[in-house]
Every structure is written in structure tokens, then in C-alpha cells.
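Which chain is which? The protein sequence lines are Y and R, in order. For the first sequence, position 6 matches number 50 in the working numbering, and the numbering has no gaps at all. For the second sequence, position 25 matches number 47 in the working numbering, and the numbering has no gaps at all. Heads up, the beta-carbon is just placed ideally off N, CA and C, and yes, glycines get one too. Computed from a predicted structure; not experimentally measured.
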Amino acid sequence: MHAPVVTTGRDLRLDLFRGLALWLIFLDHIPSNVVAWGTIRNYGFSDATEIFVFVSGYTAAFVYGKEMRERGFIIAGAHVLRRVWQIYVAHVFLFAIYLAEISYVATSFENPLYAEEMNILDFLKQPEVTIVQALLLKFKPANMDILPLYIVLLLLFPPILRLLQFRASLALGASVLLYVLTWHFNWNLPSYPEGHWFFNPFAWQLLFVFGAWCALGGAQRLGAVLQSRITLGVAVAYLLFAFVITLTWYLPGMGQYVPHWLEQLIYPIDKVNLDALRFAHFLALAVVTVRFIPREWPVLKSRWLWAPIVCGQHSLEIFCLGVFLSFAAHFAMVEISGAIWMQLLLSAVGILVMIAVAGLLSWYKRAEGRTGSRPKKTPDADLAGGEA
Amino acid sequence: MNRAIAVPVAALAAALSLIPGARASEGQPCDIPGYLLSGNNELKHVTEAVQKEKRLTIAVVGTGSSILAGPDGPRSAYPARLEAVLKAKLPSVAVKVVSLVRTRMTTEDLAKGMEKLVNDEKPDLVIWQTGTLDAIRRVDPDEFRAALEEGVETLHKGGADVILMNMQYSPRTDIMVPLGPYADNMRVVAQQHEIPLFDRLAIMRHWSDIGAFDLYAAGKDNVLAQRVHDCIGRGIASMIIDAAHLHPESKAAQ
Chain Y
45 MHAPVVTTGR
55 DLRLDLFRGL
65 ALWLIFLDHI
75 PSNVVAWGTI
85 RNYGFSDATE
95 IFVFVSGYTA
105 AFVYGKEMRE
115 RGFIIAGAHV
125 LRRVWQIYVA
135 HVFLFAIYLA
145 EISYVATSFE
155 NPLYAEEMNI
165 LDFLKQPEVT
175 IVQALLLKFK
185 PANMDILPLY
195 IVLLLLFPPI
205 LRLLQFRASL
215 ALGASVLLYV
225 LTWHFNWNLP
235 SYPEGHWFFN
245 PFAWQLLFVF
255 GAWCALGGAQ
265 RLGAVLQSRI
275 TLGVAVAYLL
285 FAFVITLTWY
295 LPGMGQYVPH
305 WLEQLIYPID
315 KVNLDALRFA
325 HFLALAVVTV
335 RFIPREWPVL
345 KSRWLWAPIV
355 CGQHSLEIFC
365 LGVFLSFAAH
375 FAMVEISGAI
385 WMQLLLSAVG
395 ILVMIAVAGL
405 LSWYKRAEGR
415 TGSRPKKTPD
425 ADLAGGEA
Chain R
23 MNRAIAVPVA
33 ALAAALSLIP
43 GARASEGQPC
53 DIPGYLLSGN
63 NELKHVTEAV
73 QKEKRLTIAV
83 VGTGSSILAG
93 PDGPRSAYPA
103 RLEAVLKAKL
113 PSVAVKVVSL
123 VRTRMTTEDL
133 AKGMEKLVND
143 EKPDLVIWQT
153 GTLDAIRRVD
163 PDEFRAALEE
173 GVETLHKGGA
183 DVILMNMQYS
193 PRTDIMVPLG
203 PYADNMRVVA
213 QQHEIPLFDR
223 LAIMRHWSDI
233 GAFDLYAAGK
243 DNVLAQRVHD
253 CIGRGIASMI
263 IDAAHLHPES
273 KAAQ
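See the structure below:
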């Protein structure tokens, strides 16, 4: 096999940014949270989802790519499928929590101001349909779109990985082609009760495959471009542009500064189908990041960044925990207080719990390694970055 | 080149200058900070109807959150409150607000009825409240936007001004109903068609944040619902007067 073995050892930057993305997703998932104003989605077109999908593609290629080279397509493919199953189970677990939350609301809430919002309880009137549709990944409640996207992306990953190893450019080209065709023909998977998937897998695969491509040598091929001052200048200019446009969303009075032709050009910025403006915004962020945070940056190994890195290393567990904690935080805001101090407190406590659990998971892993009770032959999808 | 720099700088300056204004207006319930109401989109048909014909017909098209239940419902919901406030502020104008609310309707359903509405009521202004059921049912954001645009264009062709009104801020259900993409699309459609957006979501959020209303309340509190609707009615009235460049006569006339 002549696939280039490029990445030796772990790139802690990936764990760091996935960990940070997990925190941001948690903060964004708590509704009405003032802390969420600090998250990147309010300052540009892309948000934590892009970081998360890219890093997951990168780490999936890194982990399973190594295994596929060493142990073959069948074994690596089987391990990918086992990971898919784990993510599916995690998704069903989150759905159970959602059902508990919505049932609680159904029995406790009767404010006449919100008669219309109570239509959300329609889903409880036909539990047999709702639950089956959820198991089929067609009914996806709010905040539960990311795991189904991963399930589809990973399910199709083994053959893509194979192609990436032998003909990397061809694989990336095929991914771009699928993205373009998806935009042209409006392909997407159906949802229940209507509509389509909120993260269209046929479009979002581009970011996942691009991440995988970078992991398998693409990043080095792009090296010269990434180091160029022109690239950096363009990236910074684009980030500033996105920031100013985003400001006009929150301050309607500023809308007058955006010329009409520009509005016609950029809107709508489509999250469902990973709008090119979002993708470009992610790329610009990535360019600036790799420029200023080198791979061997000593701080990455210091205790200052231990917390986000350890969260990023247990992504599936910490993602699920984050969704659970956002429900718990919402419950506390509703039942105790929704005041700003409470929002700050819940955000901080939630992140501390995420760090504590991630630390505990690392400890388990080390303890198991020491006793030798579980010899590691299979790739450690968590440590090198799971795919959730 | 100069212009390329001047635009963002001016934008930032505008953003910064607005923040103290927002703080200054806190305190009284119903108050809406300037940055949530101010826009540059005008209501030309309204201006014309009021100045030339001394009459103003407004139609409210919406769903469940534009009505209130109970015997007091019809006169305490925001369409009736809007009519009362406008009549007080513009005593010499014949103001009529028609409420055409239908529950359990998606934006697409409502858009289909716009042509008939324009023909039947001949409104100068249509206030279109929508988005909630679309978010609950998670309608395709693309289809949602297409339906909004279709509805707005039908109304414009029929000679009516439009104000879009987005969803309510509902802290108890907001973790279950993903409003974000729908609110974003309503803002984009408003910007592109140069129509005012009554950002009910941000405004009610503001009222909740400053403690004007306890929107977390779970019980059957009709008083709260009525007060909120009264404030919404006042808010839209200010928006109409502002966007149509009308001059309230209330103090002189009363």
C-alpha cells in the first residue's frame, strides 16, 4: 500500500478545538443563555458544528485510516460500524431524555399566553408513531440533529476512506461533486412529520471528507497556501466582513449599511446545506488558527489547556452529556430562576461537570491500561478522537 | 477603498452609540429599546392612506399567538389593543384593524390566503405573524422562506404594506422548539423586501430580561397574557407611526 503515512502522533490542536466546540455547543443549546452571546456563531457565519464535523472527519481518517492500512478494509470497516452503533444508542438515549422533558411540560404548563407553543405536545398524542420515527432517525427533536448526521457520514465512510488512501484527490473531487449535485437537485433525506434533515448529510459530507483528506496528507499539500501572507490577509478580511454582516442581524438599524446587491448575493445563508459562505468562514478560521497556533505549541501540553483537550478526547460521551446538561440547565432556569446570575452559574457548572466526567473517563482508561485487563488491539476511537 | 473602510467603521460606531440608548430606556414595562424597533424600511401605503384619505385599514394575519382565549380574549389580544392605541394617537384618522387569525396554520397555508385577503379587505397594511407552527413541525427552512416571500410579494402586488412579526419568546418551551432558523429567515426576507420586522422574539426576551414580565410563569395567568398583548399592541403602533412618518396628535387632541 502506498498511502502516505503523514500524521505521526496526535495533533492536540484537534482535541483542543473539538473540546472547545463541545463547550460552545452546550452553551448554544441552553436556550436564552446570555453566555451563548460569547459563542462564535454570533460573530460570523459558521458555528461550532463546522469545527466539530471537520475535526471528526480528520480524526476518523487518522484512526481508521491507520487500521485500514495495517489490518485491512474488512476489520477497519467493522470497527467503523461498531462506532456507528454506539452513536445510534447514544442518540436513542438522548431521545429518551427529550421525551421526559416534553412530558413534564405537558403536565405542568398551562399559561394562556403560550397556547400556540403547546402544539409541541402533538407529538405525545401518537407516541407509537413518534417513537418509531425517532428510531428510524426521521423524527429529530431540537438539538438532536448532529448525531444522526454522524451516523450517516460514518456509515458511508469505509469506502470513502479506501478511496482517499489510494486516490485522495479523486475522493475529494467526488465529495465536491456530490455537494454541487446536492445543491443543484435539492437532494436530502426526509424527516417526520415533514421536511428534511436539518444537517443535510449529502452537503455536510464535504466538510467531513475534507477533514479526512487533510488528515491523510492534504494538510501538507496545502502547506504552501496556508503559510502565504495573501491567504492570511484574505482570511482575516473575510472574517471581518462576516462579523460586520452578523452585526446587522442583531442591530436592525445597521441594515442600511449593507447594499442591496450584496444582500441579494449572500442571503440566504443556508445551514441545512452547508452554505459555501459558512464553509469559507470555517476555512478562514482554520487558516488563522493554524497560522497562530503551531502544532508543537508548548501550551498545548500545559495544564492550562488540559480541560478542553480532555473533553475533546471523549467527544461522544461529552457531547451526549452536554445535551443532557443543557436540558438540566433549562429545567433549573424554568423551575428556580432564569436570572442572568443563574445562567452564568449553570453555564460554568455545566462545563465543570463536562471536564470532571472527561477527566474521570481518562482515569478509567489509564487504570484499565495499567492493569492490562483490556489489551488494546482495536483502534482507540476515543483517545485519538471519537467521531461523535 | 475609503468607502470600504468607512462602511464597517460607521457600522461599528452606530452599534456602539446604540448601547447606551438601550440602557436609558429600561425601567418601564412595555418599553422597547430603540435598536429593536428602528429600521429604515418605510410604510408608504400607510403614509398615503393616512395623509390623503384620513383612513387606515390594517389586517392582522396570524396564528394562535395573535389571539387570547376567554370572554375578554378578542378585545385584549394585541390586534384590538393596536386599534385602540392608534385611534387614540391618530384621532382624526378612521383606523380599522381586522384580525384574520387561524390557528394551526403553517406559513405556507397562510401565504395561500393572501390574495383573497387583499381582494376582500383591501388593507393598507398587513401585519403577518407567523413561524411558530413551522418551527414546531420543523418545516424545511427553505420552503418556509419561499412561502414567506410568496406571501409578501402577493401582498405587495395587491397594494398593501407589510410588517412581519416573528414568534413569541417562550422560555418554557424554547429548548423543544428550534426557533433560530425560522427567525433568521424572517429577518432575511424582511431585509430583502425592505419591510419592517416586528421582532417579537427579541422584544419579549428583553421584557423578560429586565423583569417587566415573568414569562416563565406556568399557571393560568390571564392577566399576564393580557398585559403582554397590550404591550405588543403598543409596540406595533409605535413601529407603524415611526415607519410611516405619522405624527401622533394624541396630546393636542385629547
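| Item | Value |
| --- | --- |
| Excluding sequence positions up to five away, which residues of its chain have a Cβ less than 6 Å from the Cβ of aspartate 264 of chain R? | none |
| Where does arginine 211 of chain Y sit, in a helix, a strand or coil, going by DSSP? | coil |
| Cβ closer than 7 Å: which chain R residues qualify as neighbours of isoleucine 164 of chain Y? | Ile158, Thr195, Met198 and Val199 |
| Taking any Cβ of chain Y, which residues in the stretch 79 to 108 of chain R have a Cβ under 7 Å from it, in chain order? | Thr85, Gly86, Ser87, Leu90 and Ala91 |
| Can you list the residues of chain R that leucine 306 of chain Y reaches, using a CB-CB cut of under 7 Å? | Residues of chain R passing the Cβ test: none, with the nearest at roughly 10 Å. |
| Any residues in the stretch 140 to 168 of chain R with a beta carbon nearer than 8 Å to a beta carbon of chain Y? Which ones, in chain order? | Thr154, Leu155, Ile158, Arg159, Arg160, Val161, Asp162, Pro163, Asp164, Glu165 and Arg167 |
| Quick check: the stretch 195 to 205 of chain R against the stretch 173 to 181 of chain R, are at least 3 beta-carbon pairs closer than 8 Å? | no |
| Just to confirm the assignment, what range does the beta strand (DSSP E) spanning alanine 116 of chain R have? | 116 to 123 |
| Helix, strand or coil for proline 234 of chain Y? Go by DSSP, reduced to three states. | strand |
| Give a yes or no on contact between the stretch 56 to 75 of chain Y and the stretch 337 to 357 of chain Y, applying the rule of three or more CB pairs nearer than 8 Å. | yes |
| Report the three-state DSSP secondary structure of alanine 120 of chain Y (helix, strand or coil). | helix |
| Just how far apart, CA to CA, sit glutamine 248 of chain R and isoleucine 262 of chain R? | 21 Å |
| Quick one: does leucine 112 of chain R have its CB under 9 Å from some CB of chain Y? | no |
| I'd like to know whether the C-beta of arginine 45 of chain R is nearer than 9 Å to at least one C-beta of chain Y. | For arginine 45 of chain R, the predicted model reports a pLDDT of 36, less than 50, meaning its position is unreliable; a value from the coordinates is still stated below. Closer than 9 Å: no. |
| Based on the DSSP output, what are the partners of threonine 220 of chain R in its beta bridges? | The displayed chain sequence assigns phenylalanine, not threonine, to residue 220 of chain R. Paired residue(s): R/Met187. |
| Which residue or residues does DSSP assign as beta-bridge partners of histidine 240 of chain Y? | Y/Pro234 |
| Note down, one range per segment and in chain order, each alpha helix (DSSP H) of at least 4 residues found wholly within the stretch 342 to 379 of chain Y. | 350 to 356 and 359 to 379 |
| What are the complete beta strand (DSSP E) segments, minimum 3 residues, inside the stretch 60 to 137 of chain R? | 77 to 84 and 116 to 123 |
| Should leucine 132 of chain R be labelled buried (16 or more other beta-carbon atoms within 10 Å of its own) or exposed? | buried |
| What is the C-beta distance between phenylalanine 254 of chain Y and leucine 205 of chain Y, in whole angstroms, given that I count them as a contact (C-beta under 8 Å)? | The pair is not a contact, with the Cβ atoms about 14 Å apart (cut-off 8 Å). |
| Which residues bound the beta strand (DSSP E) around glutamine 151 of chain R? | 147 to 151 |
| Looking at isoleucine 74 of chain Y and histidine 374 of chain Y, is the spacing between their C-beta atoms short of 9 Å? | yes |
| Let's see if you can read the secondary structure: which residues bound the alpha helix (DSSP H) around valine 245 of chain Y? | In the sequence on display, residue 245 of chain Y carries proline and not valine. Its alpha helix (DSSP H) spans residues 245 to 257. |
| For a test of the three-state rule: what should DSSP assign to phenylalanine 183 of chain Y, helix, strand or coil? | coil |
| Determine whether the beta carbon atoms of phenylalanine 106 of chain Y and alanine 259 of chain Y lie at a separation below 9 Å. | yes |
| Given that a residue counts as buried once 16 or more other Cβ atoms are within 10 Å of its Cβ, and exposed if not, what is glutamine 264 of chain Y? | exposed |
| Can threonine 152 of chain R be considered in contact with the ligand MG, in the sense that its beta carbon sits closer than 8 Å to one or more heavy atoms? | With respect to small molecules bound, the structure shown includes none, and the ligand MG cannot be examined in it. |
| Taking the straight line between their C-alpha atoms, what separation do you get for leucine 104 of chain R and leucine 404 of chain Y? | 58 Å |
| Determine whether the beta carbon atoms of glutamine 151 of chain R and serine 98 of chain R lie at a separation below 9 Å. | no |
| Which value, in whole angstroms, describes the spacing of the CA atoms of tyrosine 142 of chain Y and phenylalanine 242 of chain Y? | 18 Å |
| Below 9 Å on C-beta distance, what does glutamate 433 of chain Y contact in chain R? | Absent from the model: residue 433 of chain Y. The displayed extent of chain Y is 45 to 432, so no value can be given. |
| Please confirm whether serine 230 of chain R has its beta-carbon closer than 9 Å to some beta-carbon of chain Y. | yes |
| Assess contact between the stretch 204 to 223 of chain R and the stretch 125 to 132 of chain Y, defined as three or more Cβ pairs (one per stretch) separated by less than 8 Å. Is contact present? | no |
| Near histidine 67 of chain R, which residues of its chain fall below 8 Å by C-beta distance, leaving aside the five closest residues on each side in sequence? | Asp146, Leu147, Gly181, Ala182 and Asp183 |
| For tryptophan 293 of chain Y and chain R, any beta-carbon pair shorter than 9 Å? | yes |
| Taking any Cβ of chain R, which residues in the stretch 327 to 345 of chain Y have a Cβ under 8 Å from it, in chain order? | none |
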